[in-house]
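Have a look at the structure below, then the notes.
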Ligand code: C2E
Ligand code: MG
Ligand code: MG
Ligand code: MG
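In the UniProt record's numbering, the protein residues as written are 396 to 686.
Dropping the structure here:
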C-alpha cells in the first residue's frame, strides 16, 4: 500500500497502481487539481557556507501530497507536469510561494537566498522572464536573493537561444545556477558563454568522497573550473563531515545535504535557523574562551 512503498517514488507508484482503490488514479488528471486542492507543498533545504557552517539560503523542493497515494516524488510527477504543460502553472506557484516565504524569513533572520528549480518547458516559455520578474516584484524579495537553477540539457540544445534567455534573466537581476553539473553533456567551450553565478556539483560525485579517487578528481576539477570561470560552487548531497571538510578544502564554498539538514517543511525552517545560529554562536564563544 501507499504507506509501505517507502521513499522510492517509482516503486510506490507501481505498487499502488495494482491496488483496487487506486486503479483509476490518473496522475495527470489529479495533478491538474493539486494546486486548488492545496496538495502541493514546498520543502526547504538549507545551503550552508562550508567554512563557517552558516546557512546562507535554501533550495525550494516541491512535494505533492496526494490524498490517497501519499507523497509522490518530484522525480515522478515533474516529468508528467512537464509533458502536460502543467509545469507552467505549478512553476509559477512555486516561485510565488517560495519568494513570499523567504521574504518573510529574511525580515526575521536577515537576508537569505532562495534557489528555485526551473524546468525546460518553463525556461523556453515566451513570457518566463516577465512572469518571474512580476512574481519577484510582488513578493518584496530583493532580486539578488533569487537564484534560478537550470540544468545542462536545458541550455545545451539551441545554445544561442538559451544564452539570450539567460541574459534576459540576468538583466532582470536574477542569479543563475547550473544544477546537477557533470551529469549532462556540457561543452566546456559553451560554459564560458553562459552568464552563470554558480555550478552545483552533482550528488553522484559527492557520495563517494573522500575515498573514491575518481569522484575526488571530478569534484576537484569542477571546483577548479568554476573558480577559473569566476563562478561559485555548491556541492549537493553532502552526508558526512568528511565530505564537507574535503570539499571546503578544495575551493568549494557552499554545500547542501543531509549532513546539514534534510529538506524541511516551512513550519520547521525558522526553528532550524534559530537553533543553528545559537549553536554556532556557542561554539565560537567556546572557541575564543579556549584561546
Ligand atoms: P535537485 O534540484 O538536484 O534537488 C536535489 C535533490 O537531492 C532533492 O531531491 C533533495 O532532497 C536531494 N538531496 C539533498 N541532499 C541530499 C543528501 O544528502 N542525500 C541524498 N540522497 N539526497 C539529497 P528531491 O527533493 O526528491 O527532488 C528531486 C528533483 O526534482 C530535484 O533535483 C529537481 O530536479 C526536481 N524538482 C524538485 N522541486 C522542483 C520544482 O519546484 N520544479 C522543478 N522543475 N523541478 C523540481
Ligand atoms: Mg536543484
Ligand atoms: Mg541538484
Ligand atoms: Mg540532483
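Each residue gets a CB set at the ideal place from its N, CA and C atoms; glycine is no exception.
| For residue 441 versus residue 656, is the C-beta spacing smaller than 8 Å? | The residue given as residue 441 occupies position 46 in the chain shown. The residue given as residue 656 occupies position 261 in the chain shown. For residue 441 and residue 656, yes; Cβs fall inside 8 Å.
| task | Return the chain-ordered list of same chain residues with a C-beta closer than 7 Å to the C-beta of residue 590, the five sequence neighbours on each side being excluded. | result | Your numbering for residue 590 matches position 195 in the chain shown. A distance below 7 Å between beta-carbons, with the five flanking residues on each side excluded, links residue 590 to the following residues of its chain, in chain order: 561, 562, 565, 571.
| query | Leaving out five residues before and five after residue 645 in sequence, what residues of the same chain have Cβ atoms less than 6 Å from its Cβ? | reply | If you number the chain shown from 1, residue 645 lands on position 250. Setting aside the 5 residues that flank it on each side, residue 645 is surrounded in the same chain by 615, 618, each with a C-beta closer than 6 Å to its C-beta; the list follows chain order.
| message | Can you give me the C-alpha to C-alpha distance between residue 674 and residue 605, rounded to a whole angstrom? | response | The residue you call residue 674 lines up with position 279 of the chain shown. The residue you call residue 605 lines up with position 210 of the chain shown. So the two alpha carbons sit approximately 27 Å from each other.
| request: Could you please go through the chain and list the residues whose beta-carbon is closer than 6 Å to any non-hydrogen atom of ligand 3? | output: The chain-ordered list of residues whose CB is nearer than 6 Å to some heavy atom of ligand 3 reads 574, 575, 595, 631.
| query | Cα separation between residue 679 and residue 448? | reply | Position 284 of the chain shown, counted from the first residue, corresponds to residue 679. Position 53 of the chain shown, counted from the first residue, corresponds to residue 448. Cα to Cα, residue 679 sits roughly 11 Å from residue 448.
| task | Give a yes or no on contact between the segment 470 to 490 and the segment 498 to 508, applying the rule of three or more CB pairs nearer than 8 Å. | result | no
| Opposing strand residues paired with residue 443 [DSSP bridges] | Residue mapping note: residue 443 aligns to position 48 of the chain shown, counting from 1. Partner(s): 450, 650.
| query | Under the three-state reduction of DSSP, which class applies to residue 540: helix, strand or coil? | reply | Within the chain shown, residue 540 is the residue found at index 145, counting from 1. Reduced to three states, the DSSP call for residue 540 is helix.
| message | Taking the straight line between their C-alpha atoms, what separation do you get for residue 437 and residue 487? | response | Mapped onto the chain shown, residue 437 falls at position 42. Mapped onto the chain shown, residue 487 falls at position 92. If you take the alpha carbons of residue 437 and residue 487, they lie about 13 Å apart.
| Regarding residue 440 and ligand 1, is the C-beta to nearest heavy atom distance less than 7 Å? | Start at 1 with the first residue of the chain shown, and residue 440 comes out as number 45. Yes.
| field | residue 462 versus 456, 443, 455, 435, residue with shortest Cα-Cα distance | value | Taking the chain shown and counting its residues from 1, the one referred to as residue 462 is at position 67. Each of 456, 443, 455, 435 was checked against the Cα of residue 462, and the nearest Cα belongs to 435.
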